[in-house]
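Heads up: the sequence shown begins at 81 in the working numbering, then just goes up one per residue.
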Amino acid sequence: MDVKAIRGMSDILPGDVPKWRFVEETVRKVFGLYGFVELRTPVLERTELFLRGIGNETDVVEKQMYTFTDKSGSSLSLRPEATASVLRAVIEHGLLSEDPIRKIFSMGPMFRYERPQKGRYRQFHQINAERLGEGGPFSDAETLQMAYALASALGLKGLAMEVNSLGCETCREEFKKALQAYLSKQADRLCADCARRMATNPLRVLDCKVVSCKQAAEGAPVIEDYLCEECRDHYDQVLSYLKSFGVPYAKNPSLVRGLDYYTRTTFEITAKGLGSQNAIAGGGRYDNLVKVLGGPDAPGIGFAFGVERVILLLEERDAREEGCFVVAQGDERVKTAAVGLLSELRSAGIPAQAVPEKSFKAQMRRAGKSGYPFCAIIGQDELEKSLVTVKDLETSSQVQVPHTEAREKIRTLLKDRKGESR
Ligand code: HAM
């Protein structure tokens with residue numbers, strides 16, 4: 081068959097799954113330390129949710145959404161990110177009226193029609209965290225610290241955290257005016273998108289990847305000089321808490337992020353070794369978004385990691401399975417005993433496989449391919465003496481044990497081996 085997977089959408093093959101599991105288990109462990117609980121939303125939402133949530137004039141909404149009309153005529157979109165969906169679910173189920181503070185994480189596939197390259201895909205996965213109901217600077221710093229703690233727990237090296245403040249509605253208006261005044265003098269250098277967005281959403285120009293736009297933005301005013309007193313105090317306190325937490329960070333006054341919902345603190349974590357797509361995580365505060373989506377006036381802050389980018393940085397992980405291959409060498413009675421052992425092992429929670437109808441040689445070959453460290457052999461001799469030969473497939477050393485004790489022996493061997501590999 082020559083039907084292939086869609087460009088930019090990858091299969092995750094068994095050899096890579098141990099890395100994915102490691103990431104997912106580490107997320108649950110680290111986020112659990114901070115009181116985050118998991119929430120899962122559908123991958124499809126009404127398109128309107130993203131238009132309202134992310135902003136009409138962002139690349140994500142203008143160019144990257146997978147949008148279609150379903151059979152009833154509704155416009156639906158595959159989620160390009162998780163924040164809008166999580167907030168929709170929180171509002172829909174009244175979670176903030178049950179408890180005004182919520183800490184929620186999610187994991188799953190997101191979809192953006194972007195030009196695929198290393199670290200950039202059309203289906204990619206995010207680990208997403210949202211913290212709702214707390215507006216103080218401590219919650220910003222702790223959220224950023226949690227993101228950094230996850231990256232560290234994953235063993236990622238060469239990390240850099242960049243932080244900025246985008247101010248609130250009031251001070252950003254002042255900044256926008258100054259930015260527009262500056263950009264209007266650079267208009268001939270701006271790409272068509274930026275020329276159009278400049279009047280309504282000039283901050284987007286600062287996030288544009290087109291070289292001439294980047295050059296045009298080089299001498300632009302910086303938001304930090306326009307922060308109102310409250311936003312400045314908030315930002316200073318966030319930075320001071322980050323110092324108390326011992327999180328290394330650098331201020332980046334031109335960090336604006338690609339989505340429109342952010343207010344005050346924004347941040348990104350980059351890692352070395354990824355080329356141009358080096359942001360492994362990004363996020364920030366969004367104090368108006370819950371309300372914009374029809375919920376209570378609750379502040380929020382969150383972030384998302386790109387799992388594929390994290391996976392690219394991880395060392396190979398041991399893909400070997402723990403278990404025992406059962407081999408039968410002899411007549412029907414031997415096979416019956418081997419099938420019996422196979423069931424006993426599984427009932428005891430020990431993974432086991434067998435191909436008793438194949439030749440002894442072929443069975444041993446399968447045992448080697450299984451990735452299990454041990455095999456249990458029952459031959460004519462073993463059957464007569466009610467024994468089982470347990471063979472270490474790495475060292476080829478073997479022991480004989482009474483059939484009745486085989487299960488416990490194998491369990492102990494597997495346990496000892498696990499202890500050693502730690
Ligand atoms: P974002 O910066 O658009 O933020 O995406 C977060 C992370 O997802 C990026 O840093 C990157 O690692 C990964 N990512 C994004 N697009 C792709 C892609 N096409 N291929 C592979 N990885 C990708 C958000 O999505 C916000 N919702 C984060 C957030 C949560 N802000 C507040 N709460």
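Ideal placement from N, C-alpha and C gives every residue a C-beta, glycine not left out.
Give the C-beta separation of residue i and residue j to the nearest angstrom, bearing in mind that I take them to be a contact with Cβ-Cβ under 8 angstroms.
i, j, result
"residue 214", "residue 181", "6 angstroms"
"residue 223", "residue 382", "7 angstroms"
"residue 217", "residue 317", "4 angstroms"
"residue 206", "residue 386", "6 angstroms"
"residue 286", "residue 300", "7 angstroms"
"residue 347", "residue 241", "6 angstroms"
"residue 201", "residue 349", "Between residue 349 and residue 201 the Cβ distance is about 19 angstroms, and since that is not below 8 angstroms, they are no contact."
"residue 455", "residue 471", "5 angstroms"
"residue 137", "residue 277", "5 angstroms"
"residue 355", "residue 199", "7 angstroms"
"residue 282", "residue 259", "5 angstroms"
Mind checking residue i: buried by the 16 CB within 10 Å criterion, or exposed?
i, result
"residue 226", "buried"
"residue 186", "buried"
"residue 423", "exposed"
"residue 314", "buried"
"residue 93", "exposed"
"residue 395", "exposed"
"residue 310", "exposed"
"residue 197", "exposed"
"residue 295", "exposed"
"residue 457", "buried"
"residue 84", "exposed"
"residue 219", "buried"
"residue 135", "buried"
"residue 485", "exposed"
"residue 125", "buried"
"residue 360", "buried"
"residue 417", "buried"
"residue 343", "buried"
"residue 353", "exposed"
"residue 184", "buried"
Can you check which of these residues, the options, is closest to residue i by C-alpha distance?
i, options, result
"residue 427", "216, 175 and 487", "487"
"residue 403", "417, 221, 216 and 495", "495"
"residue 256", "306, 459, 440 and 231", "306"
"residue 326", "397, 83 and 232", "232"
"residue 188", "162, 221 and 95", "162"
"residue 249", "308, 235, 376 and 157", "308"
"residue 133", "272, 449 and 372", "372"
"residue 203", "269, 237 and 160", "160"
"residue 253", "302, 208 and 408", "302"
"residue 120", "95, 409, 208 and 153", "208"
"residue 170", "369, 333, 131 and 289", "369"
"residue 97", "345, 491, 466 and 400", "400"
"residue 331", "345, 86, 444 and 391", "345"
"residue 298", "212, 333, 130 and 421", "333"
"residue 410", "304, 153 and 464", "464"
"residue 474", "178, 453 and 466", "453"
"residue 323", "221, 288 and 466", "221"
"residue 375", "164, 259 and 461", "164"
"residue 468", "483, 130, 358 and 104", "483"
"residue 364", "357, 358, 351 and 341", "341"
"residue 436", "445, 430 and 429", "445"
"residue 406", "451, 433 and 392", "433"
"residue 244", "357, 177, 430 and 362", "362"
Note the first and the last residue of the continuous alpha helix (DSSP H) segment covering residue i.
i, result
"residue 448", "440 to 450"
"residue 320", "309 to 325"
"residue 264", "249 to 264"
"residue 388", "387 to 393"
"residue 460", "460 to 465"
"residue 194", "Run containing residue 194: none; DSSP gives neither H nor E here."
"residue 405", "Not the alpha helix (DSSP H): residue 405 falls in the beta strand (DSSP E), residues 404 to 409."
"residue 169", "163 to 172"
"residue 134", "127 to 134"
"residue 104", "97 to 112"
"residue 178", "175 to 178"
"residue 337", "Where residue 337 is concerned, there is no enclosing alpha helix (DSSP H), given that its DSSP letter is neither H nor E."
"residue 296", "291 to 297"
"residue 284", "283 to 286"
Could you spell out the range, first to last residue, of the beta strand (DSSP E) harbouring residue i?
i, result
"residue 482", "478 to 482"
"residue 243", "239 to 245"
"residue 229", "No beta strand (DSSP E) contains residue 229, which is instead part of the alpha helix (DSSP H) from 217 to 233."
"residue 151", "Where residue 151 is concerned, there is no enclosing beta strand (DSSP E), given that its DSSP letter is neither H nor E."
"residue 156", "155 to 158"
"residue 416", "Here residue 416 belongs to no beta strand (DSSP E); instead the alpha helix (DSSP H) covers 412 to 427."
"residue 271", "Where residue 271 is concerned, there is no enclosing beta strand (DSSP E), given that its DSSP letter is neither H nor E."
"residue 210", "203 to 212"
"residue 142", "Segment 139 to 143 is the alpha helix (DSSP H) holding residue 142; no beta strand (DSSP E) there."
"residue 433", "432 to 434"
"residue 345", "345 to 351"
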